[in-house]
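One structure below.
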Amino acid sequence: MNRYRITYQKTGPLRYISHLDLQKIWIRTLLRAKIPLAYTQGFHPVPKISPGWPLALGWNGFGEMIDLWFDFDNLNPNYEITEKNLSDRINQNAPQGLNIVNLQLIPIYSPALTTITQSAVYEINFFTQISPDELRIKMEALFAVPSIIRSRRNKPYDLKPLIEEYSFNQEQDINTIMKIQMAARDSAMGRPDEVVDALGLNFDQIRYSRLCFILASS
Amino acid sequence: MINGQFEITLKTCKVTNIIRVDDICKTDFIYFFTLSSFESFKKGCHSLNSKEIEEQLDQFLLKVQKPGRYVGGEFNSVHKNPDTIKTRIALAFPDIYDLGVPNLGLSIFYDQLNQMDDVWAERTYLPWEDMEMEMRNRNIPLYTLESKTPLDKMDIIGITIPYESLYTNVLNLLDLAQIPIFSKDRSEGYPLIIAGGHSTFNPEPMSAFIDVFVIGEGEEVITDIIRIYQSWKSLSKPKFELLHEISQLEGVYIPAFYEPEYHADGTLARLNPLYPDVKQKIRKRIVPILPPPPKHFVVPLIDVVQNRVAIEIMRGCTRGCRFCQAGFVTRPVRERPLEQIIESIETSVNETGHEEIALLSLSSSDYTQIQSLVSKLHDIYNKRKLNISLPSLRIDTVSVDILEQLRGSRFSGFTLAPEAASEKIKHTINKHISEDQLLETVDMIFSHGWQTIKLYFMIGLPEETLDDVQAIADLCIKVIKIGRKHIGKRSQLNLGISTFVPKPHTPFQWAKADDPEKILEKQKLLKDALSTPGIKITWSQSDITMFESWSSRGDRRQSSVIYRAWQLGAKFDAWQDHFHKEAWIQAFEENHLDPNFYIHRERSENEVFPWDHIDTGVSKKILRKEYELSLKGELREDCRNGCYGCGINQSFAAIRAESPDAKWFCPSIATRHSED
Numbered sequence: 000m001n002r003y004r005i006t007y008q009k010t011g012p013l014r015y016i017s018h019l020d021l022q023k024i025w026i027r028t029l030l031r032a033k034i035p036l037a038y039t040q041g042f043h044p045v046p047k048i049s050p051g052w053p054l055a056l057g058w059n060g061f062g063e064m065i066d067l068w069f070d071f072d073n074l075n076p077n078y079e080i081t082e083k084n085l086s087d088r089i090n091q092n093a094p095q096g097l098n099i100v101n102l103q104l105i106p107i108y109s110p111a112l113t114t115i116t117q118s119a120v121y122e123i124n125f126f127t128q129i130s131p132d133e134l135r136i137k138m139e140a141l142f143a144v145p146s147i148i149r150s151r152r153n154k155p156y157d158l159k160p161l162i163e164e165y166s167f168n169q170e171q172d173i174n175t176i177m178k179i180q181m182a183a184r185d186s187a188m189g190r191p192d193e194v195v196d197a198l199g200l201n202f203d204q205i206r207y208s209r210l211c212f213i214l215a216s217s
Numbered sequence: 000m001i002n003g004q005f006e007i008t009l010k011t012c013k014v015t016n017i018i019r020v021d022d023i024c025k026t027d028f029i030y031f032f033t034l035s036s037f038e039s040f041k042k043g044c045h046s047l048n049s050k051e052i053e054e055q056l057d058q059f060l061l062k063v064q065k066p067g068r069y070v071g072g073e074f075n076s077v078h079k080n081p082d083t084i085k086t087r088i089a090l091a092f093p094d095i096y097d098l099g100v101p102n103l104g105l106s107i108f109y110d111q112l113n114q115m116d117d118v119w120a121e122r123t124y125l126p127w128e129d130m131e132m133e134m135r136n137r138n139i140p141l142y143t144l145e146s147k148t149p150l151d152k153m154d155i156i157g158i159t160i161p162y163e164s165l166y167t168n169v170l171n172l173l174d175l176a177q178i179p180i181f182s183k184d185r186s187e188g189y190p191l192i193i194a195g196g197h198s199t200f201n202p203e204p205m206s207a208f209i210d211v212f213v214i215g216e217g218e219e220v221i222t223d224i225i226r227i228y229q230s231w232k233s234l235s236k237p238k239f240e241l242l243h244e245i246s247q248l249e250g251v252y253i254p255a256f257y258e259p260e261y262h263a264d265g266t267l268a269r270l271n272p273l274y275p276d277v278k279q280k281i282r283k284r285i286v287p288i289l290p291p292p293p294k295h296f297v298v299p300l301i302d303v304v305q306n307r308v309a310i311e312i313m314r315g316c317t318r319g320c321r322f323c324q325a326g327f328v329t330r331p332v333r334e335r336p337l338e339q340i341i342e343s344i345e346t347s348v349n350e351t352g353h354e355e356i357a358l359l360s361l362s363s364s365d366y367t368q369i370q371s372l373v374s375k376l377h378d379i380y381n382k383r384k385l386n387i388s389l390p391s392l393r394i395d396t397v398s399v400d401i402l403e404q405l406r407g408s409r410f411s412g413f414t415l416a417p418e419a420a421s422e423k424i425k426h427t428i429n430k431h432i433s434e435d436q437l438l439e440t441v442d443m444i445f446s447h448g449w450q451t452i453k454l455y456f457m458i459g460l461p462e463e464t465l466d467d468v469q470a471i472a473d474l475c476i477k478v479i480k481i482g483r484k485h486i487g488k489r490s491q492l493n494l495g496i497s498t499f500v501p502k503p504h505t506p507f508q509w510a511k512a513d514d515p516e517k518i519l520e521k522q523k524l525l526k527d528a529l530s531t532p533g534i535k536i537t538w539s540q541s542d543i544t545m546f547e548s549w550s551s552r553g554d555r556r557q558s559s560v561i562y563r564a565w566q567l568g569a570k571f572d573a574w575q576d577h578f579h580k581e582a583w584i585q586a587f588e589e590n591h592l593d594p595n596f597y598i599h600r601e602r603s604e605n606e607v608f609p610w611d612h613i614d615t616g617v618s619k620k621i622l623r624k625e626y627e628l629s630l631k632g633e634l635r636e637d638c639r640n641g642c643y644g645c646g647i648n649q650s651f652a653a654i655r656a657e658s659p660d661a662k663w664f665c666p667s668i669a670t671r672h673s674e675d
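From first to last, the protein sequence lines stand for chains A and B. Under numbering that gives the first Met the number 0, the first residue of the first sequence carries the number 0, and numbering increases by one thereafter. Under numbering that gives the first Met the number 0, the first residue of the second sequence carries the number 0, and numbering increases by one thereafter.
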């Protein structure tokens, strides 16, 4: 059994596919690619896969992550196992919008992705609905208060400590884009749409992308 | 923009009235537009192009349930360069994505048509109500999933109508596509609307809306139609010429070329062809040898009802159950070679990544090599985590052995369809499984560790009394007792009690459907007799049964009823909580028609039926003979054991002669008949 950590993009039509459906897509893609997944032991064996934090529906993911366990004993012996071969083969069998950007072997008993994920970096595209300057002023005003109390699923929480860093794009760009790094831990999960909502900027057209995860250095 | 292509559709702001650029060009009207005013006109009220549709979708898709239904992008979906394509086709299933994707008929056409270099077949399904509302509010026309092209830009739209409760959905589909609903209102600029599927063996109720019906198997005729379409389009002739040329093909029915004549009592006198060279009878089309099954199944990104690969192992059935329309309209029996089945399972599993395979046929046990097929599948796939389902097995212990071999890790229940319990009704419907045989099978199922058995029965059959229904209850009690004996309280019997609906092209086409009060009484009897732990019953809803009864044996006058019911809000009629009974009743009344005329009337022996011009190859005389035998309670053996001359062999003798290797299970007849 070998464990691989995969960084991939989830874009295009796949933006509208839920976290749960995406796991089935991974399983089917690997079946088509003829890369045997390892199965769990027990009465109802299921393929061993372990995805990172879910991405909200409709958002682009440019650095999504998933761990997959492969069972190379059942692989065609003529097939040469290299990271490039594996990722090429998966890409060829993936539906539109799913692309591997990195694949690497990791120790089999290393901690789960969701355990070591610290933060996530998002990009919010406001198109031309607000200028970068206006946005900066609004963000500064938001940060001037000691806490930003929001409510999610009827539970109050403070959004402020979840925002770790943010920056804006250059003036000469047509669209206004904010990059924001937020906490992405089990106990502290920051959502960029909550920031937009707190800013009172719920425009019709906003595009969210998750650019990457930041993992704890092990 | 206004280059040589004239692809932009101009549209007045009222949705109903569409002017096409090519129509406008015929007049000098086009010169009224300067370039800039044309642009602003276009911006104000033109229909959206693919790119604009895609942009719009991004703005609201998150508001609807399961947005993955509306975005395409599935593995094995086909994208082509439109510039290299001569003919663009939309294959449409008139219900939601979840039900449409698994449809085998459309999967066959999608795979087959996309192998043609100059043809691009795309898919479209009906949006669910939330999405429909968003689309209508934003004036987004129904589009193809692959390229997001509005349906009215297609050359041909092929709609499958497997069952009657999709009729209003077909109207809704055309309307959402901003295409006139009535065939007569569609000029040359609109796509050609083709329909097929089992319900079209009686095409009359939908005759006002469909340009071309394909009767029977479409694998060959669809390419014939496309070739005719291509040469017609290159010559820019009137639509009549296109329809006329298509009407000369075997297995094709153009309703606009016929006109019905009725007796004073409302029954049909005759269907008159309007042109001398139009066929009196339309014989269904068949393929002499089943073509290899499709290999490139589209793999949905979201969960759909049957997320699996379906492979047809055999077409047709020789059992002759008298209620079964499929059994009569899909004759003759043609099997797929064993090697081909094994090979296509292998390819499609590799191509899709599906872990579930369904082997389809009307009667799997009758597949001559069923034993070796099953043991081969067992050998190959036992180690892989693959679920193989084999429905429609005969009720005997052999079937239990078969399913035991295929039993995967998730196999939970065992389904059998005795349909009747009393000796009398078993004879009436010509499906005779002895009680001993059934109970022996049940015993084996429970003793081999299955916990759940599902049994299907029918009520409301001709000649049925309360005693016959009581027999169903008695039998079910015996079944659950066997279960309790083996596994105690864990044993579960799930009953599906459906109400019989007489279907065209079956011996019961003369019969009246049972009265609703009697059905209620019979359902109550079963409910009272079977209210015991371990038995769960599901019923067919009486309103939907009634709907099926009038629409399956409807005539041409029902087109206006369907149209009116749709206007009054009827759609998704197959969805239990959506059936809009009041709309239908009002539609019947306004059109001065009585649903009971279609439902509760015993037809006279010589009545001309609205579907008589559709020739399935089985003669009306033989169907009548079968009906009479049924009333006398006489059985007819499986016709593999002795041909009784249903007519199929004679009707298709010529086709059969062309493919002498074709194994049909019909006796060989002298070739001189082939001229008939």
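The C-beta atom is built at its ideal place from N, Cα and C for all residues, glycine as well.
Contact list for residue i against chain B, beta-carbon separation under 8 Å
i, result
"A/Arg-31", "Phe-74, Asn-349, Glu-350, Thr-351 and Gly-352"
"A/Pro-94", "Gly-72, Glu-73, Phe-74, Val-298 and Leu-300"
"A/Asp-20", "Gly-67, Leu-300, Ile-301 and Asp-302"
CB of residue i within 8 Å of CB of residue j, strictly
i, j, result
"B/Thr-86", "B/Val-118", "yes"
"B/Ile-214", "B/Tyr-252", "yes"
"B/Ile-95", "B/Leu-61", "no"
"B/Tyr-228", "B/Asp-154", "yes"
"A/Arg-209", "A/Tyr-121", "yes"
"B/Ile-706", "B/Phe-445", "The structure shown does not extend to residue 706 of chain B, since chain B is modelled only from 0 through 675, so no value can be given for it."
"B/Ile-156", "B/Val-169", "no"
"B/Ile-281", "B/Ile-613", "yes"
"B/Ser-347", "B/Val-397", "no"
"B/Pro-140", "B/Leu-47", "yes"
Option in the options with minimal Cα separation from residue i
i, options, result
"B/Glu-403", "B/Leu-376, B/Lys-425 and B/Glu-418", "B/Leu-376"
"B/Gly-487", "B/Phe-499, B/Asp-442 and B/Ile-471", "B/Asp-442"
"B/Val-560", "B/Trp-538, B/Glu-589 and B/Pro-532", "B/Glu-589"
"B/Lys-423", "B/Cys-645, B/Gln-649 and B/Glu-633", "B/Glu-633"
"A/Asp-172", "A/Ser-130, A/Val-144 and A/Ala-183", "A/Ser-130"
"B/Val-277", "B/Ala-309, B/Asn-306, B/Leu-242 and B/Phe-296", "B/Leu-242"
"A/Tyr-7", "A/Gln-40, A/Pro-76, A/Asp-87 and A/Pro-35", "A/Asp-87"
Coil, strand or helix - residue i by DSSP
i, result
"B/Asp-276", "coil"
"B/Ala-263", "coil"
"B/Ile-401", "helix"
"B/Gly-616", "coil"
"A/Trp-58", "coil"
"B/Gln-557", "helix"
"A/Leu-19", "helix"
"B/Gly-196", "coil"
"A/Cys-218", "Nothing about residue 218 of chain A can be reported from this structure: the residues present for chain A run from 0 to 217 only."
Neighbouring residues, chain A, relative to residue i (Cβ below 9 Å)
i, result
"B/Pro-287", "The premise fails here: B/Pro-287 is roughly 34 Å from chain A at the closest Cβ pair, so nothing lies under 9 Å."
"B/Gln-58", "Asp-203 and Gln-204"
"B/Pro-66", "Arg-14, Tyr-15, Ile-16, Leu-56 and Gly-57"
Contacts that residue i makes with chain B (C-beta to C-beta distance below 9 Å)
i, result
"A/Asp-192", "Near A/Asp-192 there are no residues of chain B at all, since even the closest Cβ is about 11 Å away, more than 9 Å."
"A/Arg-27", "Phe-74, Val-298, Thr-351, Gly-352, His-353 and Glu-354"
Listed by chain order, chain B residues near residue i by CB distance under 7 Å
i, result
"A/Gly-51", "Going along chain B, no residue has its Cβ under 7 Å from A/Gly-51, so there is no contact; the nearest lies around 19 Å."
"A/Gly-11", "Gly-72"
"A/Ile-24", "Leu-300"
Beta-carbon neighbours of residue i, restricted to chain A and to distances below 7 Å
i, result
"B/Leu-61", "Leu-56 and Gly-57"
Review point. Mind listing which residues of the stretch 122 to 133 of chain B have their C-beta closer than 9 Å to chain C's C-betas, in chain order?
Key: The structure shown has no chain C; the protein chains it does contain are A and B.
Practice item. Take every Cβ of the stretch 444 to 456 of chain B, pair it with every Cβ of the stretch 485 to 501 of chain B, and state whether three or more of those distances are shorter than 8 Å. Key: Three or more beta-carbon pairs drawn from the stretch 444 to 456 of chain B and the stretch 485 to 501 of chain B are found closer than 8 Å, and the two stretches are therefore classed as touching.
Practice item. State whether the stretch 87 to 102 of chain A contacts the stretch 6 to 15 of chain A, with contact taken as three or more CB pairs (one from each stretch) at a distance under 8 Å. Key: Yes, the stretch 87 to 102 of chain A is in contact with the stretch 6 to 15 of chain A.
Check your understanding: Can you find at least 3 beta carbon pairs, one from the stretch 195 to 214 of chain A and one from the stretch 34 to 42 of chain A, that sit closer than 8 Å?
Key -> The stretch 195 to 214 of chain A makes no contact with the stretch 34 to 42 of chain A; the number of CB pairs closer than 8 Å stays below 3.
**Study point:** At least 3 beta-carbon pairs within less than 8 Å: the stretch 303 to 318 of chain B vs the stretch 332 to 351 of chain B
**Key:** Judged by Cβ distances under 8 Å, the stretch 303 to 318 of chain B makes contact with the stretch 332 to 351 of chain B, as three or more pairs qualify.
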